[in-house]
Structures are given as C-alpha cells and as structure tokens.
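> According to the numbering used here, the sequence shown is numbered sequentially starting from 31.
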Amino acid sequence: MTALLELRDVRRSYPSGDGSVEVLKGISLTVNAGEMIAIIGASGSGKSTLMNILGCLDKASSGSYRVAGADVATLDGDALARLRREHFGFIFQRYHLLSHLTAAQNVEIPAVYAGTERRQRLARARALLQQLGLDARQDYQPSQLSGGQQQRVSIARALMNGGQVILADEPTGALDTRSGEEVMAILHQLKAQGHTVIIVTHDPTVAAQAERIVEIRDGEIISNPPPGAPSQAVPEKMVAGSEPGWRQLLGGFREALAMAWRALSANKMRTLLTMLGIIIGIASVVSIVVVGDAAKQMVLADIRAIGTNTIDVYPGKDFGDDEPQYQQALKYDDLLAIQKQPWVRSATPAVSKSLRLRYNNIDVSASAEGVGAQYFNVYGMTFSEGNTFNEVQLNDRAQVAVLDSNTRRQLFPDKASVVGQVILVGNIPVTVIGVADEKPGMFGSSKLLRVWLPYTTMAGRVMGQSWLNSITVRVNEGYDSALADRQIIQLLSLRHGKKDVFTMNMDSILKTAERTTHTLQLFLTLVAIISLVVGGIGVMNIMLVSVTERTREIGIRMAVGARASDVLMQFLIEAVLVCLVGGALGVSLSLMIAFTLQLFLPDWGIGFSPLALLMAFICSTLTGVLFGWLPARNAARLDPVEALARE
Ligand code: ADP
Ligand code: MG
C-alpha cells in the first residue's frame, strides 16, 4: 500500500550571495494516513521549510515528494492549489486570520475557493465553530478574540474542506499553557477521527504527546522512528464542487465581488479619493459626448432647415465679384433651361433692390425681392396671413406683394388684417396678399425689412431689367447635389460660351460643418480621455499600494487553496469596481452639468442617449481592467511562502 506522504532525498536551497545555502539536506520521510507526528528541532533547523514542502506551498529543489502516490513535481500551480485546498489544512503559529473578516467568514474561505454553494458553506462553518466551542464568537473579528480562540478559528478553517492532513507549524508557540493544552486536545481528537496530524515544534513536552517524533538538526533528520500502521478511519469530507461549472464560476465571481467590496469599504476615504480621478474622467467624457452631440445637432438642424438639396446660382466668378461684364449673366432663359432639367424640382429666380415702401404717411426703406411662387416653400417659411402668389399672377406681372412680419409691423402698426391693403413699392402701387415669417436660424434674422414680389413684376415693372440676381435651384429628393451642381455649371457655361456663374451648395456647407464639429468633438474627447487615463493611473497606483499592504492576506488565501487566477480575479474586480462606482458617480455629475446647461441654453435639446451611458460603462470597465491588470498580476505572481512571511 502506498504511503500518504513520501519524501525521498528532498533538498531545498536558497540563493545567498554568489552561491546558495542548503536548508534541507536530503530529507527522506514517510507518513502513513492517520498518523500523529511531531517534527522537533532547534530554531532555524529547517522545520518550517519542510512543512511548506509537505503542504505543497513550496517545492523541493531536488528529490521527490509524492502525495498518495502522485509526484508533486509534475503538478502545475492550479493543481497544487487544488491539493492544498482539498487535502491539507494549515495551522500557523500566528493564526494568520484575515483581520477584516469575521470568524465565520474566515472559516469559509477554503470552501469559497473550492466552489461550494453558499448556504452549505455557511452551515458547515458554523457547525465547525460550534464544535470547537466558539458558538458565541462566530461574528467576532479576530481582533476581538483571544489567542486561543483565534487558533481554534484557524483549526476550523483547516477543517473546512476536510483537512485530511493537518499541518500545524508551532500551533502552541504563541499561546499560554492552558490555551496550548486546549489546542493539543483538539489535535488529538482530530487524530482520533482519522486525520493525519503533523505538528512542528521546538517544545519537547508538546512533541511527547505524538506517537512518533522525528528530530531534525541543520536540515538533516537525525532520528526517524518507523511509521505506524496506516489507519482505516476516513475523516469526514466536505462534498465540494457539486454544482455545474458555470454556476461555480458565477458563484466565484460573486464571492470575489463581495470580497472586493469589503476590501474597498475598509478604506473608504482612500477609495473615494482614488475614485475622484475616475469621476472627473468619466464626467468629462460623457459631458463632451452629450453636450457636443447637442451642439452638433443644432448646427446641422439649422443648415438642414434651409434645405440641403438647394443650390444657389449667382453671376460672376465668386462672392464679392462686381465686374460689370458678369453682372447681367443670369437671364430668364437660363431659368427656363434649368427648369427643364429632369432632376430639377423647382427653380426660383431672385432679383432684388433696396427700395422705399410707403403707406399713408409712413415711409420705410426695405429690400424688395422678385421671387418665384415656390420661394417661400424652398426656404421653409410660414404664412401668418394670406398666401403666396399664383402662376397667373406671376405670368401677368401682377402688382402684388408678400411682406415679412417686421415690415408689416412698421407699415401697419394698428391693423388687425393687412391683406388687400395697397402700398407703394418704389413708385409702383401693389396689393398686399400675405405676410410670411422667416425661419429664425443660427445665421440670425437680417435687420432689413423685406418685401417679396413676383420676379416678373419686379424685373419688368419695378426695375425695368432683363437679368436676374440669382437663381435658387431645388433638386429632386435623392439626387446627388454635387452632381447637380456640376451639371448646372456645365449647362450655363455652354449657354453663355464661358463660365460666368458660380454656385453655392447647401449640402457642401453641411458637410463642411459636419466635418468641423466632428473634428472639434474628437479633439475634446481626446482631452477627456486623457483625464480618464490620469484617473486610471491613480487607480493603478492605489492598487499597487494595496497589493503591497495585503501581501500577507494574499499568502493566506493561497495557503488555503486560492489559485493564482482567483487572486488575479479578486484584484481585477476591485479595480473594476472602483472604476464602475466612479463611473456611476461621474455620470451623475455630468447629468447635473447637463441639467445646468439646459437651464441656460434651453434650445440646445441636451438629451442622455443610451450610447453615452453605454460609453461611460465601457470606459469605466476598460479603465479598471487596463489599470488594474498590472497590480493584479503582481498579486497573482506572489510566492505563497514569501507572502506569508511578510509582516
Ligand atoms: P525553523 O522553522 O526550523 O525555525 P526555517 O525552516 O524557517 O527554520 O528556516 C531554516 C533556515 O532556512 C534558516 O536558517 C533560514 O534563515 C533559512 N531560510 C528560510 N527561508 C529562507 C528564504 N526564503 N531565503 C533564504 N533563507 C531562508
Ligand atoms: Mg519555523
């Protein structure tokens, strides 16, 4: 029958200066199931080193160690963690309890890493504490317990997953005589129940209680009585991992989350200050997305209101060109030619001149514009009184006019209705047929008073000219306005024999505006992301400090069976949690900013899009993962023995 534990010529050396010192010098030891062994030796003789190798916390430099026949050297980190978790139970001289957890929570830890279901775990922890006489102390923190009580809590923890082999390193070393005797009595009971108990001690009276005493001096065994017969008794074992894999994973995640939450709330002020960076970062990202979007939408809506499928055609080379030879380039025939194009929905001409308007004894200056009947439609104007002129009036050069509301107010301050009134435009009497309102937009309303006449009337009767100041072309829905633009130029250049007109295309203005706002927003977002990165570095910094502070905690967790990935996960979750809570607060802050802005800029239409919230969530999580990664990896890479030794 194979022995439970079997060491063969095990050596362990530590690097020291140029060479190395050998702490264990060829230890061969066999332990059968159910034995109670004392390993005795002077301080510094290598007892703890041997114990760490026995408990799979440490690996031998050479030689072989078999646990129930399996060579430990062939196992990877996770398999070793599993072995520690399921077969071994450690009891340390200084108890090594986690100070921010209660007794019951401390006892639970090995089962958390074993993936045991919560209720089952809790029940077992409470039952164990009760058996060890700590019924009334379950919810006390270690600092509220005496040394003997703390050691009993640590024994309960060692038994949590079964603890087939109990490894006790100087279990009574820090206790008074009476508490020491109690602990020894418990160890005797465990032996009786079938546990294998290995006690390390330098105290001969403690050692004398074991049935087999192995003596060690300077890393060598000097006395090794033969092992007793293997016991048949099997200690009760915790049934672990009975749940399906994904539920275990979920449970583990929830547990890590709870642990992270406890760790963070243990240090509230520091957590809050760390969060501040994230709060500011997320608030600026979200605010810029939200406010920037609102501003962009407003600008674009203004431009769209004018109509993106309209093209204005002007005589000359470009704006500001007043060369007389081009002044008269646009003719009525050009208008007719443009109107005949299949892709043109409507084309309205414009001839304008500054003229005096008179009504009774009121005399004002206004811009008189000759336009087509479609004009008001093209520019999205609404009529508060009357209507536009019809085709007949247009063809007959009818003497009718549409006023804008400012002109109406100037000329008819007290009249309820002005349709049908006759005014003088220049020297021509015309009948008012409507009042139209300009759409207010970001370009601002002009201060000019305006009056619109049929272009035929305007050109023929008022000005006596045969050319047009401009033509506004509206292309069919869905027709490419850039193409239309080119076609108009081509058409008119062909007709005139040279290029003497230019166009202004609303669509290209819209595209330019879109590009500009986009660039601006991108730039601002970059600034916001920089502030988020600064916040993330703050998180990284504090997590690194936290890992250093909690090195011993990490060592304890690893000793009771945490895998490197469990430790990584815990610290990563802590970082993400800080960032997510910070992100939530940041979103609230930016909500407040948005509401304040809304008070001052009511027509901005600031709204919280799900996109902004999603972005905040993703940014926070990413920041946490990105900046938590390095500290978490540092924690996961810690060597359990070294970590445990850290004060
Ligand atoms: P014991 O538990 O019997 O008092 P230890 O096993 O703790 O002794 O230590 C045995 C020897 O190994 C000591 O001389 C100690 O200085 C040395 N030692 C232990 N751990 C290390 C280490 N990590 N690096 C270097 N030397 C070590
Ligand atoms: Mg020691």
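Heads up, the beta-carbon is just placed ideally off N, CA and C, and yes, glycines get one too.
#1: Just list the alpha helix (DSSP H) runs in the stretch 537-585, keeping only unbroken ones of 4 residues or longer that don't cross its boundaries, in chain order.
#2: Going by C-alpha distance, which of P372, V316, S414 and T578 is nearest G637?
#3: For W373, which three-state DSSP category applies?
#4: What number of angstroms, rounded off, separates the C-alpha of V452 from the C-alpha of F630?
#5: Mind reading off the beta-carbon distance from I121 to A240? Whole number of angstroms is fine, and I expect it under 8 Å.
#6: So, at 6 Å on beta carbons, what are the nonlocal neighbours of F657 in its own chain, with the 5 sequence-adjacent residues on each side left out?
#7: Sorted by chain position, which residues of the same chain lie with C-beta nearer than 6 Å to Q181's C-beta, five sequence neighbours on each side aside?
#8: On the three-state DSSP scale, how would you describe T651?
#9: Could you check the C-alpha separation between G474 and D332 for me, to the nearest Å?
#10: Using only alpha-carbon positions, find the residue among G402, I341 and A237 that is nearest to W373.
#11: When burial is assigned at 16 or more other CB atoms within 10 Å of the CB, is R279 buried or exposed?
#12: Among Q404, N339 and V320, which one has its Cα closest to the Cα of D515?
#13: Can you tell me which residues fall inside 5 Å of the ligand ADP, judged by beta-carbon distance to its nearest heavy atom, and keep chain order?
#14: Contact check, A466 vs F406 under 8 Å by CB: the rounded distance?
#15: How about E672: is its Cβ closer than 7 Å to a heavy atom in the ligand MG?
#16: With 16 other CB atoms within 10 Å as the buried threshold, where does Q174 fall?
#17: Does DSSP classify E147 as helix, strand or coil?
#18: Counting only runs that start and end within the stretch 379-423, where is the alpha helix (DSSP H) found for 4 or more residues in a row?
#19: Along the chain, where does the beta strand (DSSP E) that runs through N436 open and close?
#20: Can you check whether the CB of P459 is closer than 8 Å to the CB of Q429?
#21: Is H548 buried or exposed, if buried means 16 or more other CB atoms sit within 10 Å of its CB?
#22: Taking just the CA atoms, how far does L87 sit from D108?
#23: So, under 8 Å CB-CB, L330 and A543 are touching, yes? Tell me the CB distance rounded to an integer number of Å.
#24: Return the residue from the list A186, M190, A103 and L162 that minimises the CA-CA distance to Y143.
#25: What residue range is occupied by the uninterrupted alpha helix (DSSP H) comprising A238?
#26: CB-CB under 6 Å to L610, same chain, minus the five flanking residues each way: which ones, in chain order?
#27: May I have the straight-line CA-CA distance separating S447 from D352, to the nearest angstrom?
#28: Using a Cβ-Cβ cutoff of less than 7 Å, which residues in the same chain neighbour E415 once the five nearest sequence positions on both sides are dropped?
#29: Relative to the C-alpha of S73, which candidate in V53, A90, G64 and A63 has its C-alpha closest?
#30: Check the C-beta distance from A313 over to G654 and give it rounded, since I have them as a contact under 8 Å.
#31: Roughly how many angstroms separate the alpha carbons of R187 and I572, rounded to a whole number?
#32: In chain order, what residues of the same chain have a beta carbon less than 8 Å from the beta carbon of R427, not counting five sequence neighbours either side?
#33: For G474, does the three-state DSSP call read helix, strand or coil?
#34: Are E138 and A155 touching if we call contact CB-CB under 8 Å?
#35: Determine the burial state of Y44: buried for a count of at least 16 other Cβ atoms within 10 Å of its Cβ, exposed for fewer.
#36: Flag this pair as touching only if the stretch 91-110 and the stretch 278-297 have three or more C-beta atom pairs under 8 Å; answer yes or no.
In this structure, then:
#1: As summarised for the stretch 537-585, there are no continuous alpha helix (DSSP H) elements at least 4 residues long confined to that stretch.
#2: Among P372, V316, S414 and T578, the Cα nearest to that of G637 belongs to V316.
#3: Reduced to three states, the DSSP call for W373 is coil.
#4: In this structure, the alpha-carbon of V452 lies about 44 Å from that of F630.
#5: The Cβ separation is near 15 Å, so there is no contact.
#6: Within its own chain, the residues whose Cβ lies closer than 6 Å to the Cβ of F657, once the five positions on either side in sequence are excluded, are G566, V569 and M570, listed in chain order.
#7: Excluding sequence positions up to five before and after Q181, its CB lies within less than 6 Å of the CB of Y125 and V213, all in the same chain and listed in chain order.
#8: Looking at T651 - three-state DSSP - the assignment turns out to be helix.
#9: Only weak support exists for where G474 lies, its pLDDT of 49 falling under 50; the value from the coordinates is given anyway. When the Cα atoms are used, G474 and D332 turn out to be separated by approximately 11 Å.
#10: Nearest in C-alpha terms to W373, of all of G402, I341 and A237, is I341.
#11: The amino acid at residue 279 is misidentified as Arg; the sequence shows Leu. Exposed, because fewer than 16 other Cβ atoms sit within 10 Å of the Cβ of L279.
#12: Check the Cα spacing between D515 and each of Q404, N339 and V320: the tightest is with N339.
#13: Ordered along the chain, the selected set is Y44, V53, S73, G74, S75, G76, K77, S78 and T79.
#14: Confirmed, Cβ separation roughly 5 Å.
#15: Not so, every heavy atom of the ligand MG lies at least 7 Å from the Cβ.
#16: Result: exposed.
#17: Three-state DSSP puts E147 in coil, outside helix and strand.
#18: List check, alpha helix (DSSP H) in window: 405-408.
#19: N436 -> not in any beta strand (DSSP E); alpha helix (DSSP H) instead, spanning S435 to L441.
#20: Taking a C-beta distance under 8 Å as the contact criterion, Q429 and P459 qualify as a contact pair.
#21: It is exposed - the Cβ of H548 has fewer than 16 other Cβ atoms within 10 Å.
#22: Distance between D108 and L87, taken at the CA atoms: about 12 Å.
#23: Indeed they touch by this definition, with Cβ atoms about 7 Å apart.
#24: Closest option to Y143, judged by alpha-carbon separation, among A186, M190, A103 and L162: M190.
#25: No alpha helix (DSSP H) holds A238; DSSP gives it neither H nor E.
#26: The answer, listed in chain order, is S650.
#27: Spanning the two alpha carbons is a distance of roughly 41 Å.
#28: Take E415, set aside five residues on each side of it, and the residues of its chain with a beta-carbon closer than 7 Å to its own are S447, V448, V449, G464 and V465, in chain order.
#29: With distances taken between Cα atoms, S73 lies closest to V53.
#30: The Cβ separation is near 16 Å, so there is no contact.
#31: Spanning the alpha carbons of R187 and I572 requires a straight line of approximately 30 Å.
#32: Only P484, T486, T487, G490 and R491 meet the Cβ criterion.
#33: A caution first: G474 carries a pLDDT of 49, below 50, which makes its placement in the model unreliable, though a value can still be read off. Here G474 sits in coil by DSSP.
#34: Yes, Cβ-Cβ distance for E138 and A155 is below 8 Å.
#35: Its Cβ having fewer than 16 others within 10 Å, Y44 is exposed.
#36: A contact is defined here as three or more CB-CB pairs under 8 Å, and the stretch 91-110 fails this definition with respect to the stretch 278-297.
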